[in-house]
Amino acid sequence: MGRAIEDKKIKIKFYNPRDFTKDRNRRIDRKPYGGGPGMVIEAMPVIKAIEKAKGGKKKVKIIFLSPSGAQFDNNYAKKATKNYSDIIIICGRYEGVDARVKKAFKMEDVSMGNYVLTGGELPAMAIIDCVSRQVEGVLGDFNSLEDSRVSSPDVYTRPEVIEHKGKKYRVPKVLLSGDHKKIEEWKKNHKYPKLQNVKN
Numbered sequence: 000m001g002r003a004i005e006d007k008k009i010k011i012k013f014y015n016p017r018d019f020t021k022d023r024n025r026r027i028d029r030k031p032y033g034g035g036p037g038m039v040i041e042a043m044p045v046i047k048a049i050e051k052a053k054g055g056k057k058k059v060k061i062i063f064l065s066p067s068g069a070q071f072d073n074n075y076a077k078k079a080t081k082n083y084s085d086i087i088i089i090c091g092r093y094e095g096v097d098a099r100v101k102k103a104f105k106m107e108d109v110s111m112g113n114y115v116l117t118g119g120e121l122p123a124m125a126i127i128d129c130v131s132r133q134v135e136g137v138l139g140d141f142n143s144l145e146d147s148r149v150s151s152p153d154v155y156t157r158p159e160v161i162e163h164k165g166k167k168y169r170v171p172k173v174l175l176s177g178d179h180k181k182i183e184e185w186k187k188n189h190k191y192p193k194l195q196n197v198k199n
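In terms of numbering that gives the first Met the number 0, the sequence shown has 42 at position 43, counting the first letter as 1, and numbering is strictly consecutive.
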């Protein structure tokens, strides 16, 4: 991988959402609306980081790492390499990322398997490695290429309304209502489908 970067076969850049917040302490995690465990990463710092990563590029694929997403495999890596010039990977932390990030961009939920990790960095590294192998010149011989929370609901945090490119994105009203019964009902109805028959 290091040689491929040196030879400019691939380019890997990291964008820290903390660099895109106005908070003087660079804090980007807040308590979730509607209650629940843990903290949620704010939407706007992530949105700004994505915009920075995209730049003016057109053929960009955005991947949102989630245990309930489409199963990542070699075929996925091949198609991504063939159809896109750049791939942006969103790595979650804590209880997750404010769901409005996924609404602000065209992106795909992708999973490395039916399990939960502390953060998205390890799956991102695996994806980078697998995708990079599909790029001609990365391997010495290109012909050597070998062919509970899972169902958690969307999460939201402060602020109540965010604006991106003239469009406003709001937290669902029920999560602001304080009506715990309605909130629990909403959460049950907005869970991701569980993965079935995962194949490696």
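We treat Cβ as the ideally placed atom computed from N, Cα and C, and that holds for glycine. Please read all numbers here as calculations on a predicted model, not as lab measurements.
Q.
Can you give me the C-alpha to C-alpha distance between M43 and L174, rounded to a whole angstrom?
A. Here the question's residue 43 lines up with position 44 in the sequence shown. Here the question's residue 174 lines up with position 175 in the sequence shown. Roughly 19 angstroms separates the two Cα atoms.
Q: Name the two residues that bound the continuous alpha helix (DSSP H) containing I46.
A: Here residue 46 corresponds to residue number 47 of the sequence shown, with the count starting at 1. From DSSP, the alpha helix (DSSP H) with I46 extends over A42 to K53.
(Q) Looking at the secondary structure, which residues open and close the beta strand (DSSP E) in which Y168 lies? (A) For the purposes of this step, residue 168 is taken as residue 169 along the sequence shown, with counting starting at 1. That run of the beta strand (DSSP E) goes K166 to R169.
(Q) Whole angstroms are fine: how far does the CA of C90 sit from the CA of P171? (A) Translated into positions along the sequence shown, residue 171 becomes position 172. Translated into positions along the sequence shown, residue 90 becomes position 91. Going by the C-alpha atoms only, they are around 24 angstroms apart.
Q.
Using DSSP's beta-bridge definition, name the partner residues of F63.
A. In the sequence shown, the residue the question calls residue 63 occupies position 64. BP columns for F63 point to I89 and D108.
Q. Do K58 and S84 have their CB atoms nearer than 8 angstroms?
A. For the purposes of this step, residue 58 is taken as residue 59 along the sequence shown, with counting starting at 1. For the purposes of this step, residue 84 is taken as residue 85 along the sequence shown, with counting starting at 1. A contact, by the Cβ cut-off of 8 angstroms.
Q. What first and last residue would you give for the beta strand (DSSP E) that runs through V160?
A. As a position in the sequence shown, residue 160 is number 161, starting the count at 1. Start and end: V160 to H163.
(Q) If distances are taken between C-alpha atoms only, which option among D178, K78 and V154 comes closest to R99? (A) On the sequence shown, residue 99 is found 100 positions in, with the first residue counted as 1. Checking every option, the nearest Cα to that of R99 belongs to V154.
Q) Using the rule of at least 16 other Cβ atoms within 10 Å of the residue's Cβ for burial, across every protein chain shown, is G95 buried or exposed? A) As a first step, residue 95 is located in the sequence shown; it is residue number 96 there, counting from the start. Under this definition G95 is a buried residue.
Q. Quick one: Cα of K8 to Cα of V45, how far?
A. Numbered from its first residue, the sequence shown carries residue 8 at position 9. Numbered from its first residue, the sequence shown carries residue 45 at position 46. About 27 angstroms.
Q: Give the straight-line distance between the Cα atoms of W185 and L138, rounded to the nearest whole angstrom.
A: By one-based count along the sequence shown, residue 185 stands at place 186. By one-based count along the sequence shown, residue 138 stands at place 139. Rounded to the nearest angstrom, the two C-alpha atoms are 49 angstroms apart.
(Q) Please identify the residue among I4, D28, V130 and E183 whose C-alpha is closest to the C-alpha of K77. (A) Counting from 1 along the sequence shown, the entry for residue 77 is found at position 78. With distances taken between Cα atoms, K77 lies closest to V130.
Q: Please name the residue in L64, E120, R157 and M106 whose C-alpha comes closest to that of G34.
A: Indexing the sequence shown from 1 puts residue 34 at position 35. For the residues L64, E120, R157 and M106, the minimum Cα distance to G34 belongs to R157.
Q: Could you tell me which of D128, R23 and D178 sits nearest to M0, measuring between CA atoms?
A: Position 1 of the sequence shown, counted from the first residue, corresponds to residue 0. Ranking the options by Cα distance to M0, first place goes to D128.
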